[in-house]
Each structure stands twice: as C-alpha cells, then as structure tokens.
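*Asks:*
Number of protein chains: 2
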Amino acid sequence: MANITDVARVAGVSISTVSYALSGKRPIADATKTRIAQAVTELGYRPNAGARMLAGSRTNIFALTAPMHEDTHPPALMSFVLSVVTAARSYDYDVLLLTEGEATTGLRRVVSSSLVDGIIMLDVTVEDERIDVIRELGLPTTLIGIPHDTEGLTCVDLDFEGAARLAVSRLVALGHTSIGLMGHAEALYERGSNYAPRFRDAFLAAGSDAGIQTAFHTTVATRPGVEESLDGLRAQLPGMTALVLNCNENIHGILLEVLREREVAVPEALSIVSACSSFSTDHFLPPMDVIPLPSQESGRRAVELAIQQIAGFADPHVELIAPVYHRKSSTAPPAATVAA
Amino acid sequence: MANITDVARVAGVSISTVSYALSGKRPIADATKTRIAQAVTELGYRPNAGARMLAGSRTNIFALTAPMHEDTHPPALMSFVLSVVTAARSYDYDVLLLTEGEATTGLRRVVSSSLVDGIIMLDVTVEDERIDVIRELGLPTTLIGIPHDTEGLTCVDLDFEGAARLAVSRLVALGHTSIGLMGHAEALYERGSNYAPRFRDAFLAAGSDAGIQTAFHTTVATRPGVEESLDGLRAQLPGMTALVLNCNENIHGILLEVLREREVAVPEALSIVSACSSFSTDHFLPPMDVIPLPSQESGRRAVELAIQQIAGFADPHVELIAPVYHRKSSTAPPAATVAA
DNA sequence: CTGAAAGCGCTTACAG
DNA sequence: CTGAAAGCGCTTACAG
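So the protein sequences, as listed, match chains P and A. Numbering (the UniProt record's numbering) for the first sequence: 1 to 340. Numbering (the UniProt record's numbering) for the second sequence: 1 to 340.
1) Tell me the rounded alpha-carbon separation between residue 174/P and residue 315/P.
2) At 3 residues or longer, and completely inside the stretch 157-226 of chain A: list those beta strand (DSSP E) runs for me, N to C.
3) Which residues bound the beta strand (DSSP E) around residue 144/P?
4) With 16 other CB atoms within 10 Å as the buried threshold, where does residue 338/P fall?
5) Should residue 241/P be labelled buried (16 or more other beta-carbon atoms within 10 Å of its own) or exposed?
6) Report yes or no: is there a C-beta of chain P within less than 9 angstroms of the C-beta of residue 139/A?
7) Between which residues of its own chain and residue 180/P is the CB-CB distance below 6 angstroms, once the five residues before and five after are set aside?
8) So what's residue 100/A in DSSP terms, helix, strand or just coil?
9) Output, in chain order, the set of chain P residues within a Cβ distance shorter than 8 angstroms of residue 95/A.
10) Based on the DSSP secondary-structure assignment, which residues constitute the bridge partners of residue 37/A?
11) Would residue 295/A and residue 98/A qualify as a contact pair, given that the criterion is a beta-carbon distance under 9 angstroms?
12) Which residues in the same chain have their Cβ closer than 6 angstroms to the Cβ of residue 308/P, if we skip the five residues on either side of it in sequence?
13) Taking the DSSP output, what are the residues bridged to residue 290/A?
14) Around the C-beta of residue 176/A, are 16 or more other C-beta atoms found within 10 angstroms, so that it is buried, or is it exposed?
15) What first and last residue would you give for the alpha helix (DSSP H) that runs through residue 310/P?
16) Leaving aside the five residues before and after residue 11/A along the sequence, list all residues of the same chain whose C-beta is less than 6 angstroms from its C-beta, in chain order.
17) Give, in chain order, every residue of the stretch 35-61 of chain A whose Cβ lies closer than 9 angstroms to some Cβ of chain P.
18) Residues of chain P with a CB under 7 angstroms from the CB of residue 77/A: which are they?
19) Please return the same chain residues whose Cβ sits closer than 6 angstroms to the Cβ of residue 184/P, not counting the five positions on each side in sequence.
20) Residues of chain P with a CB under 9 angstroms from the CB of residue 85/A: which are they?
21) Measure the CB-CB distance between residue 64/P and residue 115/P and report whether it falls below 9 angstroms.
22) Consult DSSP for residue 268/P and reduce its assignment to one of helix, strand or coil.
23) For residue 262/A, does the count of other Cβ atoms within 10 angstroms reach 16, so buried, or fall short, so exposed?
24) Taking 7 angstroms as the limit between beta carbons, can you name the residues of its chain near residue 59/P, skipping five residues before and five after?
25) Within the continuous alpha helix (DSSP H) that includes residue 5/A, where are the two ends?
26) In angstroms with no decimal places, state the Cα-to-Cα distance between residue 270/P and residue 274/A.
27) Rounded to whole angstroms, what's the CA-CA distance from residue 105/A to residue 131/A? Just pull it up for me.
28) Counting only Cβ-Cβ distances shorter than 9 angstroms, please list the residues of the stretch 294-309 of chain A near chain P, keeping chain order.
29) Using the beta-carbon of each residue, which ones in chain A are nearer than 8 angstroms to residue 74/P?
30) Nearest-angstrom Cα distance between residue 107/P and residue 153/P?
31) Using a Cβ cut-off of 9 angstroms (strictly closer), state whether residue 113/P contacts chain A.
32) Starting from residue 122/P, find everything on chain A with Cβ-Cβ shorter than 9 angstroms and list it in chain order.
33) Is any beta-carbon of chain P found at less than 9 angstroms from that of residue 89/A?
34) Given a cut-off of 9 angstroms, decide if residue 203/P and residue 252/P are closer than it, judged by their beta-carbon atoms.
35) Within 10 angstroms of its Cβ, does residue 5/P collect 16 or more other Cβ (buried), or is it exposed?
36) What do you reckon, are the CB atoms on residue 122/P and residue 146/P nearer than 9 angstroms?
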C-alpha cells in the first residue's frame, strides 16, 4: 500500500507538504495541491490509521457504549446505534462498539490505550455505573439519556416533559377533559428509568394546569396486564375519552385488540396518542398519532456535542430535543362533543 | 499516560524486554516478568493502540458490516451484532461498526488505511455488493450468511436445509402426514434471500422423502395476508394437521389470533413449529416449538474463522451450524391419531 | 535470557 | 509557500 513518501515522490514535494495539503492546516499553492491530489488518486493513497493516531492527537474513533437492559427495546437501540454511526461518519469518525459485558472495563481500556477521542453513551440509567468512569476518564463524552446527577456531564434527550405537555394540549384542544395515561411496567418507575417518571409527572401536572381530569396506571405487557391497566384507568376516570400511551411497544397492539373486542371505536369512542415511541405506529389500525422518540436527531446531536468537546469549546449541559406531534387517525373530538 | 519507557525504567529493564514480556513472544525470566508486571500495575500502563498498529502487523480491530435491508429484523441484527462483539472481545479484538450508507466505501476505507485486521459481514444477500470488494481486498473475512457464489469465501450460517428436515422429521415422528409451510413474503424468494428458498426446497424434499403430503405458501405479514396463506395451505392440504413457520415474526402472533378466533386449538387440532426464528417463542400461547436461529454460535464461529485466517491457517469454506429443536407446547400427535 | 537500535508512517514545530 | 527533521510509542530483527 502506498504511503505518504510515495505520494511525495510522485508529486515532487516533501512529505510535510503532502500532509499539510491533505489536512488543510496550512496554505498550499494551487498547482502543488493539484499535483498532490493527482498522486493520491494515482496511488490510491489513504493515510495509515495507526501512524495518524500515533503522530497526531486524534484517532477519529468514538466509543459507543450500548448495553442491553431487560427493558431495552432492541429495535430502538439499533436505531440509535445506526444514527450515531451515520452522524459520526459525517465528521469522518468511525465507531467502536462496546457492549454490556464490558461496560466500564471496555471504556477504561479504549481510553487508556488512546484508541478513541470520545465516548457516546446509549441507554443511560439513572444511576449508571458508567458515569463514574466517565467523570474519572475526563474524555469528551455525550450521554443519550439523563442520569440523576448531571453535574459536569453533557447529555441529550427528548424533552419528555414537553412531550407529555404536548400530548395533553393536543387532546385538550380537541375537547377532551378526561385523559388516561397508560404507563410502563411498575419496575421502570421504581428503578433505572428517568424518562418514565418524568413523563408521568409532567402529564399529571399538565392535566391539572389545564383543569381537566387525568389518571395514570402502570401496565404489564401482557393481555391481562393491558386489560387491568385499562380497567384501572376507567375506574378512576369513568368519563375517559382519551388515552396517552407511554409504554412498551407490545402494549399498543394488545390494547387495540382489546378495544376491538369490547367494541370501543378508535378514535370515535376513544382517542389514542402514542408518546415517545421508537417504532412506527403507522401499521396499527387506525394509524396512531405519535410523538416519536427522535433517534436520528439524538444521535446527530450527541455526535455534534462530542465533536465540539474534542475541539475544545463546549460547556457541559443538558440539551433537550423538542417533541413533535405526528397527526394520524387515532384522535378525534370526544363523542359527547361530536354529539353536541 | 505511562508509556513503555516508563514501565521499562520502573522495572529496571529495556523496553524490548517489556514488549516481549507482554506479548509472550520470547521467554523471559520469571523474576523479570514479575517486576514488569508490578511496574505495569503500578503505572496503570496500557500499550498505545496507534503505536501498536503502526509497529506491529495487527490492529486488533474487526470491521463489522451490518446493513439494514427492508426485511431486516432489527432485534435479530442486534443479537448478531452483540454476539460478534462479545466473541471478538474474547480474542482481544474490538469491533468497528460499518453501516449501509458505507457498505463498500467503508470497507475500502478501513482496509486501505490499515484500521482493521479482518471483516465480519452480517445480513449477506445472494448477490451482495460487498462481496466483490471483499474478494478484491483480500483481507480475512467471514460472512454470516451464504451468497450465490461462495468461491474463495469463508461463510457461516445455520443449516437451513437441515432445519427444514428436522422440522419435518419431528412432526412425522408425532404422526403427522400432512404438513404446511407458511413462508416469508414472496419477494424474499425472488430476490436477495438465500435461506428462504433453501428452507422451502428442503422442506418439500423432506416431505416427499417421508412419503407425506406437504404444501408451501408465501405470507404477507398482515392479518389478511396470514389468512390468505392459511386458507391457501388448507386448500392444498384439506387434511393438514401441522404447520411449519419459516416467516416474519409478526406472522406468529397474527396466526395464533386467527386460529383462536376460528377455534382451531393448538396443538390439539393443529401443531406448529417455528423454524429459524431469531426471537423468543416462549411468550406465545401456547409457547411454541422452535428451531432457533443461532446468533450466539454464528457470531462466535464467524470470529473464530476470522481469527484463524488472520493467523494464516484457514481454507475458505462454508460452515453450517447444526439446527437444534426446542420442544415447547405447540406440537402434539394429530387429532386423528389421538382419536384412534 | 536480555539489550540497543531500526523502523513503522504519520504530524507538527522549526526554519527559511 | 515549502522542506528537513524530530518524535509519537511501539515491535522485532540483530546481536550477544
């Protein structure tokens, strides 16, 4: 494989000129630039990664730490992984994948061997064991997700509270005054998750602010679990005309099946909004209104913030991504209003 | 960060001795080894990855190319990715993730910059654009999946034909003589997939060998699609008592729902086997007999074969992983037999 | 069993 | 605008 000396010889310049021409770190005469470009093409030259890492101060590699928890939704994780890789490539960065087995060990290893310039953390839990390591290592890092203590950390996430308010306000605008929230499994509120309780609390607060009735129920992702959650909400809100789902994907399909059997028409008798979902809600019958979990944007911002830290200008902060409401066919004014 | 010179100084030896002690490439006196080990611990020394890559002949990094097709099942892809990463780590290899946007470009890039020692390819299609690049690059590579032309390639995959034969033989052993195969979408048989037609053909051949009746139908992963497939199979096999599923995950749930509504009891009136599934079939009602897609084993073998190629001893070949049948509760002798 | 030294292929002050 | 050279931190013949 051709090296920089070959390129310099063919172009008739010194290797430092080749290096500078390629990096753009100092002005090079146009004629020289052209000759170098030709030599590069002719030889199919590509700088040696190891030499670059050793001589330079960059490796152009990010570590992506993506553990799987019990409640990790693999397609969601996958879509975050892909968006991080894609975003990283647009900055000429490659991505090294670290998994659960090596959560903290792997981070220490790749950092202390100077393999990576920065770290992107997925699937952050409230008390994540990786966070102490991050603080200790001091390498540019972006978390996708928000732990309890964000001191000194750079974090990106959907604005879950904003998403809850958005869901409520859209339903209120349609005329709904009694809205239930079908939540995740109870365990998620007691441990690990930051977004689940954040969403729930903002939902209840938004309802109270709007002067409407709300109720919340956790949901086990089985058919009996969904029925129990639905019945529990109805018990609290006999006049419930709308449902916000902030829950497991499987619950969506089960819920629609239950409603069909009970002959509860969606959206005529019950409006439904799926909030913070990583999957498409288009294939449901009816296609479901959704406030998506923005994996593309999260990945992109995470990478951008890491790049800024590497460049040296970036203060640690939490960045929330604004929620977006996608109108499909699962919401309508409440039946009473229609009748009126 | 401490470097090899620091370690040598603290241990009172030369840097070459440190290097050899760490690599084990030449015998070192026990006493010396101990002093070096102590120095390494004391200084928290970890060899610089870039220097290693430059000086040595290895980077200890694999490229993992994992594109997403329309029919890619994300959880399955994720489980293969994780198994490759885990297996790679057991050989002290890290994994660089390449995605669709960079299928061939990315491979050329990481290889020509000497960033990786080998390549693992996931989600291989019959006429995969990456294969020509692989042949051209000549770097140790293992494909998980089997393309049309395997000349000169190292491939690992489940023995799909064996899996089809296994499914049939287990059902025949229970007494079934009329078995339907609910397949993937038609597109998968016309294009791209190698495993779908391989499974279908072996299924039909196994049925014929066993002297029983079989039928095959493609399946669209919607409720009407599943009903059409089921009805199509029944039309061909009025006495059908067993069904083999080699299809999309979603079809499983829909099928069980359809059967429930039609009051076809599983397994009493119809036995079902899920073949080559990457997902758990335990949560279905009843838990479904399954021949799993062995992502763990595929990933491990793929890595092992790549490691062997890097070490220089490995002839290109196709390696098939033996199918395993997991008995759950969705099969039984056919009703007629029970009655008899 | 161990050491001194060349060399891997770059980047980047230093110099002009 | 360009070049000669030091140096990054290892590995591995070469030598003893």
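Virtual Cβ for every residue (Gly too), placed ideally from N, Cα, C.
*Replies:* Reading it off the structure:
1) Distance between residue 174/P and residue 315/P, taken at the CA atoms: about 41 angstroms.
2) Whole beta strand (DSSP E) segments, 3+ residues: 178-182, 213-217.
3) DSSP places residue 144/P in the uninterrupted beta strand (DSSP E) bounded by 141-144.
4) Because the pLDDT of residue 338/P is 48, which lies under 50, any placement of that residue in the model is unreliable, and the question is left without a value.
5) It is buried - the Cβ of residue 241/P has at least 16 other Cβ atoms within 10 Å.
6) Chain P contact via Cβ: absent.
7) Correct list, in chain order: 215, 233, 237, 240, 243.
8) Residue 100/A falls in the helix class under three-state DSSP.
9) Residues of chain P whose Cβ lies closer than 8 angstroms to the Cβ of residue 95/A are, in chain order, 96, 97.
10) Here residue 37/A is not bridged, per DSSP, to any residue.
11) Taking 9 angstroms as the Cβ cut-off, residue 295/A and residue 98/A do not qualify as a contacting pair.
12) A distance below 6 angstroms between beta-carbons, with the five flanking residues on each side excluded, links residue 308/P to the following residues of its chain, in chain order: 314.
13) In DSSP, residue 290/A forms a bridge with 274/A, 326/A.
14) By the C-beta density criterion, residue 176/A is buried, having at least 16 other C-beta atoms within 10 angstroms.
15) Annotation: the continuous alpha helix (DSSP H) that includes residue 310/P extends over 295-311.
16) So the qualifying residues of the chain are 35, 36, 39.
17) Residues passing the 9 angstroms Cβ filter: 44, 45, 46, 47, 48, 49, 50, 51, 52, 53, 54, 55, 56, 59, 61.
18) Under the 7 angstroms cutoff, chain P gives 78.
19) So the qualifying residues of the chain are 196, 247.
20) Those are 97, 98, 99, 101, 102, listed as they occur along chain P.
21) The Cβ atoms of residue 64/P and residue 115/P lie no closer than 9 angstroms to each other.
22) Coil at residue 268/P, not helix or strand.
23) So residue 262/A ends up on the exposed side.
24) Correct list, in chain order: 53, 114, 115, 116, 117.
25) Bounds of the alpha helix (DSSP H) holding residue 5/A are 4-11.
26) Approximately 36 angstroms between the Cα atoms of the pair.
27) In this model, residue 105/A and residue 131/A are separated by some 12 angstroms (Cα to Cα).
28) Along the stretch 294-309 of chain A, there is no position whose C-beta sits under 9 angstroms from a C-beta of chain P.
29) Simply 74, 75, 78, 79.
30) About 16 angstroms.
31) Taking Cβ atoms only, chain A reaches closer than 9 angstroms to residue 113/P, which makes this a yes.
32) Within 9 angstroms of the CB of residue 122/P, no CB atom of chain A is found; the nearest one sits about 12 angstroms away.
33) Residue contact with chain P for residue 89/A: present (Cβ-Cβ distance below 9 angstroms to some residue of chain P).
34) Their beta carbons are not under 9 angstroms apart, which means residue 252/P does not touch residue 203/P by this criterion.
35) By the neighbour-count rule (16 or more Cβ atoms within 10 Å), residue 5/P is not buried but exposed.
36) The beta carbons of residue 122/P and residue 146/P sit no closer together than 9 angstroms.
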